[in-house]
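In what follows, a single structure is set out as structure tokens and then discussed.
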Amino acid sequence: MSTGAERGNLEPLALHVPEPRFRPGDAVDYSHLAIPAAGAQPRPDERCQPAETNPLCTDLVRVLGDDHLAVGPWNPRLDADTLRAMLRAMALTRAFDERMYRGQRQGKTSFYMKCTGEEATSVAPAFALAADDMVFPSYRQQGILIARGYPLTEMINQIYSNRADKLKGRQLPIMYSSREHSFFTISGNLATQYPQAVGWAMASAIKGDTRIAASWIGEGSTAEGDFHSALTFAAVYNAPVIFNVVNNQWAISSFSGFAGAERTTFAARAIGYGIAGLRVDGNDALAVYAATRWAADRARANLGPTLIEHFTYRAEGHSTSDDPSQYRSAQEREEWPLGDPIMRLKRHLVALGEWSEGQHEQMDRELAERVKDATKEAEKNGILGQGLHHPFSTMFEDVFEELPWHLREQSEQAIRERRIKWPEQAARDGIV
Ligand SMILES: Cc1ncc(C[n+]2csc(CCOP(=O)(O)OP(=O)(O)O)c2C)c(N)n1
Ligand SMILES: [Mg+2]
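Residue numbers (UniProt numbering): 1 to 432.
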């Protein structure tokens, strides 16, 4: 057995600590990113062996070219009405984000998260999936709810935690839930939605149903164990599930390198699990639609799960609690080589002669009005800071069918303390 002394001529062991290419003030150059031409990627048959998709895990599926036309085998050939509906849902998502962000700055809510620049990664899949396919989103897929027609006022009630909030203020603002829209309750605990989606998909198959599941996760969250156990279960049982990884380059202030992006792509995780994988231009709504359709058809035909990496960019801060100017170059957004998803779809429709600048401006004005009206409607039910909207005494309800003894004790103690310390609020809550 050799000893440390005998190996004294070796360099000491060292670790690699990833460092992002650009920091605040740096000039940004994305020429290291390989962006292939639109239309150049092969489209294997949906019934192919998973390994046939391996080359697509390091490629980039693109449909919309620099001339704004749709090209290649992944072109989903959508009619103009569908393209306009998708554009509208994406623009509404952005208008909603703008207004809610301002609402947070005005103190109407404590917290908000935008998805600016990533609208295609939720809206296009919502169009490609069936309305009753079950989605297990992260906190950045408000576009799905909007595309599925969930009332904006309900979303705002939840964001304001007001008395009409269906979740009764028990969830962080933006962590929606809607059984009617097949939208699973959002959890702040990253990555938990992945194994839940697989469990739901397995249950759907066990019941002999035809509905599939789709889940979304940020690239940073793929470092969680839940991501890997979900993929193992799905691969073993060939579960009818679509795994979306939204690679927006950042996880708050950590860049994608801390989740392994320097070594390989996120789509390439599929190769190790033996499932199908696709890496897609996430700012190209048509490519996202086509990839989702491919994966959905495959899952529905009992051909198993697909992992789709959406290569995109988080154009704004992580949340209203974040200041990205502290850790990344402001030029990144401007230099991002895949452009803006709304602009790209708009230019495509204009190039087809199915849309115009004037129509687009008019739509933006109309959507801003619609969001404003919904906001006013929701404000009638209260905003943050106007007192507790749901009685304090109900805080422990709705989790267990019957309150366990230890929670009953805690509840009684909390109510007793409230009565002593804040008698006015207690009287208002009806605690006497
Ligand atoms: C289990 C867990 N760890 C850490 C956090 C704190 N946290 C919230 S969001 C976030 C970054 C996630 O980044 P990513 O997965 O890339 O998603 P993105 O925000 O970019 O959409 C972190 C670390 C958390 N909510 N849950
Ligand atoms: Mg991210």
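Just so it is clear, CB atoms sit at the ideal spot from N, CA and C, and this is done for glycine as well.
Return the first residue and the last residue of the beta strand (DSSP E) that T306 is part of.
Locating residue 306 in the sequence shown gives position 306, where the first residue counts as 1. Here the beta strand (DSSP E) through T306 covers T306 to F311.
For ligand 1, is there a heavy atom less than 7 Å away from the beta-carbon of A251?
Here residue 251 refers to the residue found at position 251 of the sequence shown. The answer is yes for A251.
In whole angstroms, give me the CA-to-CA distance for G218 and A251.
For the purposes of this step, residue 218 is taken as the residue at position 218 of the sequence shown. For the purposes of this step, residue 251 is taken as the residue at position 251 of the sequence shown. Roughly 7 Å separates the two Cα atoms.
Could you spell out where the beta strand (DSSP E) holding N244 opens and where it closes?
Locating residue 244 in the sequence shown gives position 244, where the first residue counts as 1. V241 to N247 is the span of the beta strand (DSSP E), which, as asked, contains N244.
So, under 8 Å CB-CB, D133 and A213 are touching, yes? Tell me the CB distance rounded to an integer number of Å.
Position 133 of the sequence shown holds residue 133. Position 213 of the sequence shown holds residue 213. About 7 Å separates the two Cβ atoms, so the contact holds.
So the beta strand (DSSP E) A213 belongs to, where does it begin and stop?
Here residue 213 refers to the residue found at position 213 of the sequence shown. A213 to G218 is the span of the beta strand (DSSP E), which, as asked, contains A213.
Any heavy atom of ligand 2 closer than 7 Å to the CB of E334?
The count along the sequence shown starts at 1 and reaches residue 334 at position 334. Every heavy atom of ligand 2 is 7 Å or more from the Cβ of E334, so no.
In the DSSP assignment, find the unbroken beta strand (DSSP E) run with R163 in it and report its ends.
Working through the sequence shown from its first residue, we reach residue 163 at position 163. Counting along the chain, R163 falls outside any beta strand (DSSP E), and DSSP gives it neither H nor E.
Taking the alpha carbon of D340 as the reference point, which residue from E397, T109, A285 and Y176 has its own alpha carbon closest?
Residue 340 sits at position 340 when you count from the first residue of the sequence shown. Looking at the Cα atoms, A285 is the closest of the given residues.
Does R99 come out as helix, strand or coil in the three-state DSSP assignment?
In the sequence shown, the residue the question calls residue 99 occupies position 99. In this structure, R99 counts as helix in the three-state DSSP scheme.
Kindly list the residues whose CB is nearer than 8 Å to the CB of Q410, restricted to its own chain and excluding five residues on each side of it in sequence; keep chain order.
Sequence index remark: in the sequence shown, residue 410 carries index 410 (1-based). If we look at Q410 and ignore the five residues flanking it on each side, its Cβ neighbours are F396.
Provide the residue(s) that pair with W250 in DSSP beta bridges, ordered along the chain.
Sequence index remark: in the sequence shown, residue 250 carries index 250 (1-based). In the DSSP output, where bridge partners are listed per residue, W250 has F255.
Within the same chain, show all residues whose beta-carbon is closer than 8 Å to that of S177, passing over the 5 residues directly before and after it, in chain order.
Numbered from 1 along the sequence shown, position 177 holds the residue referred to as residue 177. Excluding residues within five positions, the ones whose Cβ falls inside 8 Å are K166, L167, Q171, F183, F184, T185 and I186.
Exposed or buried, which one is W405 when buried takes at least 16 other CB atoms within 10 Å?
Here residue 405 is taken as the residue at index 405 of the sequence shown, counted from 1. W405 should be labelled exposed.
Is S31 helix, strand or coil by DSSP?
If you number the sequence shown from 1, residue 31 lands on position 31. Coil at S31, not helix or strand.
Among L338, E402, V350 and T3, which residue has its Cα nearest to the Cα of L33?
The residue you call residue 33 lines up with position 33 of the sequence shown. Selected option, being the one with the closest Cα: L338.
Which full runs of the alpha helix (DSSP H) of 4+ residues lie inside the region 286 to 366, going along the chain?
331 to 335 and 341 to 351, all fully within the region 286 to 366.
Provide the residue(s) that pair with S178 in DSSP beta bridges, ordered along the chain.
Your numbering for residue 178 matches position 178 in the sequence shown. Per DSSP, F183.
For R420, count neighbouring C-beta atoms within 10 Å of its own C-beta (all shown protein chains included) and say buried if the count is 16 or more, exposed if not.
Residue 420 sits at position 420 when you count from the first residue of the sequence shown. According to the sequence displayed, residue 420 carries Ile and not Arg. Exposed is the call here.
Report the start-end ranges of each alpha helix (DSSP H) in the region 86 to 140 that is 4 residues or longer and not cut off at the edges.
Counting only runs of 4 or more, we get 120 to 128.
Is the beta carbon of G218 within less than 7 Å of some heavy atom of ligand 2?
Within the sequence shown, residue 218 is the residue found at index 218, counting from 1. True, at least one ligand heavy atom lies under 7 Å from that Cβ.
Run through DSSP, which three-state label would R370 get?
Position 370 of the sequence shown, counted from the start, is the residue given in the question as residue 370. If DSSP states are grouped into helix, strand and coil, R370 belongs with the helices.
Between Q196, D97, S110 and S329, which has its C-alpha nearest L152's C-alpha?
Translated into positions along the sequence shown, residue 152 becomes position 152. Closest by alpha carbon: D97.
Is the Cβ-Cβ distance between S215 and N244 less than 8 Å?
Walking along the sequence shown from the start, residue 215 turns up at place 215. Walking along the sequence shown from the start, residue 244 turns up at place 244. Closer than 8 Å, so yes.
Span of the beta strand (DSSP E) holding D226?
Taking the sequence shown and counting its residues from 1, one reaches residue 226 at position 226. Counting along the chain, D226 falls outside any beta strand (DSSP E), though it belongs to the alpha helix (DSSP H) covering G225 to Y237.
Taking C-alpha atoms, which residue in L307, A330 and F311 lies nearest to G317?
For the purposes of this step, residue 317 is taken as the residue at position 317 of the sequence shown. When only C-alpha atoms are compared, the closest one is A330.
V63 bridges to which residues according to DSSP?
On the sequence shown, position 63 is the one that residue 63 refers to. For V63, which the question treats as bridged, DSSP gives no partner whatsoever.
Enumerate in chain order the residues of its own chain whose CB-to-CB distance from Y112 is below 6 Å, with the five nearest sequence positions on each side excluded.
Position 112 of the sequence shown holds residue 112. Here the set comprises M100, Y101, Q104 and T320.
Going by DSSP, which residues form a beta bridge with R47?
Against the sequence shown, residue 47 aligns to sequence position 47. R47 pairs with nothing; no bridge assigned.
Taking its Cβ as the centre, do 16 or more other Cβ atoms sit within 10 Å of E402, making it buried, or is it exposed?
As a working mapping, residue 402 is identified with position 402 in the sequence shown. Exposed, by the Cβ-count rule.
Can you tell me the Cα-Cα spacing of residue 433 and R23, whole angstroms?
Nothing can be reported for residue 433, as the shown portion of the chain is limited to 1 through 432.
So who's on the other strand from L278, going by DSSP bridges?
Your numbering for residue 278 matches position 278 in the sequence shown. Answer is I308, bridged to L278.
Pairs of beta-carbons, one from the region 113 to 127 and one from the region 190 to 201, closer than 8 Å: are there three or more?
With the cut-off at 8 Å, the region 113 to 127 and the region 190 to 201 do not touch.
Just to check, is the beta-carbon of N248 closer than 7 Å to a non-hydrogen atom of ligand 2?
As a working note, residue 248 is residue 248 in the sequence shown. Yes, Cβ of N248 sits closer than 7 Å to a heavy atom of ligand 2.
Using the Cα positions of A368 and R94, report the straight-line distance between them to the nearest angstrom.
By 1-based counting over the sequence shown, the position of residue 368 is 368. By 1-based counting over the sequence shown, the position of residue 94 is 94. Each residue's Cα considered, the two are about 9 Å apart.
Taking a contact to mean a Cβ-Cβ separation below 8 Å, would you say L60 touches L345 in this structure?
The sequence position of residue 60 within the sequence shown is 60, counting from 1. The sequence position of residue 345 within the sequence shown is 345, counting from 1. No, the pair does not count as a contact, with Cβ atoms beyond the cut-off.
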